[in-house]
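Comments concern the structure below.
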Amino acid sequence: MGLLIKKILPVLILLILSGCAVTKIKLSVKADNNAYTSFGNDPGRNFYSAVQISDSVRLLWSESVNGNFSHSSAAVYDEYLFVSDLSGRVYAFNALTGKKAGMLKSSGAVYTTPILDRFTVCFTTALINDNKSVLTIYDFDAGQIKAEKTFEGKSITNLVFDDQKIFILTENGIAYCFDLNGSLLWERSTGRNTHSTPAIIGNKICFGNDKGEIILLDKNSGAQLYSKKYGSVFWSGITVKDNFIFTADETGKLFMIDSQDGSVKWIYKTNSRVNMNPVCDNENVYVGNLKGDFYSIRIFDGTLNWKTETRGSLSATPFVTDNIIIQPDLNKKILFIDRNNGVIRKELFLEGRAKLSPIIFDDKLFIGYDNGVLEAYEFIY
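Numbering (the working numbering), first residue to last: 113 to 493.
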């Protein structure tokens, strides 16, 4: 018996220690005014950057996280890349080397891109066996939690950060507004399920719902300002350009809506479900669907510039530059599409389905795909 205990005891200790990974992020960073701080890096969801890039890339590093990714994105502050996974973890990696700098673990699933503000990271965890979520506000300079707040509903769409306030929309249609101390400023139940990532337009928060309605709330009070049915289920998120709302419904209709009076400026039919956020540059809006068709549409009149049949399935939001569109494909690749004519210039083949919306930061491309694989590439000029 004594010999058996001697053999088993080291194994038990190893198992216990392996299950007790340190859950902490403590970083020494400098203030970063050029950080990529949220999904779309802007309350209106801006996935466009006025830069020219190469269609050739070289792998810098490849790392993996514990769980899979949703269609969120990474965020970057100073030299650190933050990313979440569906096993309830938020990670910080050195963006240049890929070395893990810290991790926060929670009991649930983190669907959303972490929000970064100075030395604070904010994220929500959807609890597994309860229709509730937890907002965590964490000081990664001090390495400690500033606030944790539990609220009703599952947080599965990306958060909005504006005027030092965190806006959350739950699957059962409850909108919340918290400050960075974790104080609840207001909440509003809309009575409709929603899977549409919200955005801020002026002093309003805007989102679609499963009834095909677009809803606008006053961002300061939560009062409902507007609700109107436009189409079928809105899986697509909201993208804002000037005073206009861009989104698409389950049937593939892309809408341009005036936020001032609710009028529809135009509708373009893509004929298949759209999950991604439309992306606007100064003249055009870009969108792809689950059938694999990708479109460039003129903002001015809703007419077609070009259409590309990728023969894949497009779900995650692309990143648009002045010459190339970087589009994830569930058919295990990243597409480099010519912005001017829609020609697929290059394909980056992966070992899993492309999940994360890509970002470009400091001339590096960051992507994520199945099984929690996170990769960084440098452009070759």
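Built from N, CA and C at the ideal position, the CB exists for glycine as well.
Looking only at C-alpha atoms, which of Gly334, Lys331, Lys340 sits nearest to asparagine 321?
-> The sequence position of residue 321 within the sequence shown is 209, counting from 1. Nearest of Gly334, Lys331, Lys340 to asparagine 321, Cα basis: Lys340.
Taking only the alpha-carbon atoms, compute the straight-line gap between alanine 133 and aspartate 197 and give it to the nearest angstrom.
-> Within the sequence shown, the letter at position 21 stands for residue 133. Within the sequence shown, the letter at position 85 stands for residue 197. Caution is warranted here: a pLDDT of 48 is assigned to alanine 133, below 50, making its placement in the model unreliable, and the coordinate value is therefore given only provisionally. Roughly 16 angstroms separates the two Cα atoms.
Which two residues bound the contiguous beta strand (DSSP E) that contains serine 168?
-> Indexing the sequence shown from 1 puts residue 168 at position 56. Neither: serine 168 is in no beta strand (DSSP E) and is coded neither H nor E.
Using a threshold of 8 angstroms, state whether the C-beta atoms of lysine 444 and leucine 416 are closer than that.
-> Position 332 of the sequence shown, counted from the first residue, corresponds to residue 444. Position 304 of the sequence shown, counted from the first residue, corresponds to residue 416. No; because the gap between Cβ atoms is not below 8 angstroms, this pair is not in contact.
Helix or strand or just coil, what does DSSP make of glycine 484?
-> Counting from 1 along the sequence shown, the entry for residue 484 is found at position 372. Glycine 484: helix per DSSP, three-state reduction.
Please classify valine 246: does DSSP put it in a helix, a strand, or coil?
-> Within the sequence shown, numbered from 1, the residue matching residue 246 stands at position 134. Of the three classes helix, strand and coil, the one that applies to valine 246 here is strand, per DSSP.
Which value, in whole angstroms, describes the spacing of the CA atoms of serine 295 and isoleucine 268?
-> If you number the sequence shown from 1, residue 295 lands on position 183. If you number the sequence shown from 1, residue 268 lands on position 156. Those two C-alpha atoms are separated by around 21 angstroms.
Is it true that the stretch 479 to 489 meets the stretch 145 to 162, where meeting means three or more beta-carbon pairs spaced less than 8 angstroms apart?
-> no
For phenylalanine 194 and valine 177, the rounded distance between their alpha carbons | For this step, residue 177 is matched to residue 65 along the sequence shown. For this step, residue 194 is matched to residue 82 along the sequence shown. For valine 177 and phenylalanine 194, the distance between alpha carbons rounds to 11 angstroms.
Counting only the same chain and skipping the five closest in sequence on each side, list residues whose C-beta sits under 8 angstroms from that of threonine 135.
-> If you number the sequence shown from 1, residue 135 lands on position 23. Excluding residues within five positions, the ones whose Cβ falls inside 8 angstroms are Met215, Leu216, Lys217.
Figure out for me which residue from Leu468, Leu460, Ser168, Asn315 has the closest Cα to the Cα of glutamine 372.
-> Working through the sequence shown from its first residue, we reach residue 372 at position 260. Here the closest residue by C-alpha is Asn315.
Assuming alanine 238 contacts alanine 221 (C-beta within less than 8 angstroms), just tell me the rounded distance between them.
-> Counting from 1 along the sequence shown, the entry for residue 238 is found at position 126. Counting from 1 along the sequence shown, the entry for residue 221 is found at position 109. 5 angstroms between Cβ atoms; contact.
Beta-carbon proximity of cysteine 392 to threonine 363, cut-off 8 angstroms | Translated into the one-based positions of the sequence shown, residue 392 becomes position 280. Translated into the one-based positions of the sequence shown, residue 363 becomes position 251. For cysteine 392 and threonine 363, no; Cβs fall outside 8 angstroms.
Length of the line joining the Cα atoms of glycine 404 and asparagine 435 = Start at 1 with the first residue of the sequence shown, and residue 404 comes out as number 292. Start at 1 with the first residue of the sequence shown, and residue 435 comes out as number 323. Looking at the two C-alpha atoms, the distance is approximately 21 angstroms.
Glutamate 264, enclosing beta strand (DSSP E) - first and last residue | Within the sequence shown, numbered from 1, the residue matching residue 264 stands at position 152. Run containing glutamate 264: 256 to 264, per the beta strand (DSSP E) assignment.
From this set, Ala143, Ser161, Phe319, Ser408, which residue's C-alpha is nearest isoleucine 369's C-alpha?
-> As a first step, residue 369 is located in the sequence shown; it is residue number 257 there, counting from the start. Minimum Cα distance to isoleucine 369 is reached at Phe319.
Label glutamine 276 either buried or exposed according to how many other C-beta atoms from any shown protein chain fall within 10 Å of its C-beta, with 16 as the threshold for buried.
-> The residue given as residue 276 occupies position 164 in the sequence shown. It counts as exposed.
Pick from Ile312, Asp144, Leu172, Ser174: whose alpha carbon is nearest that of threonine 232?
-> One-based indexing of the sequence shown puts residue 232 at position 120. When each option's Cα is compared against that of threonine 232, the closest is Asp144.
Per DSSP, the bridge partner or partners of isoleucine 472 = Taking the first residue of the sequence shown as 1, we reach residue 472 at position 360. BP columns for isoleucine 472 point to Leu477.
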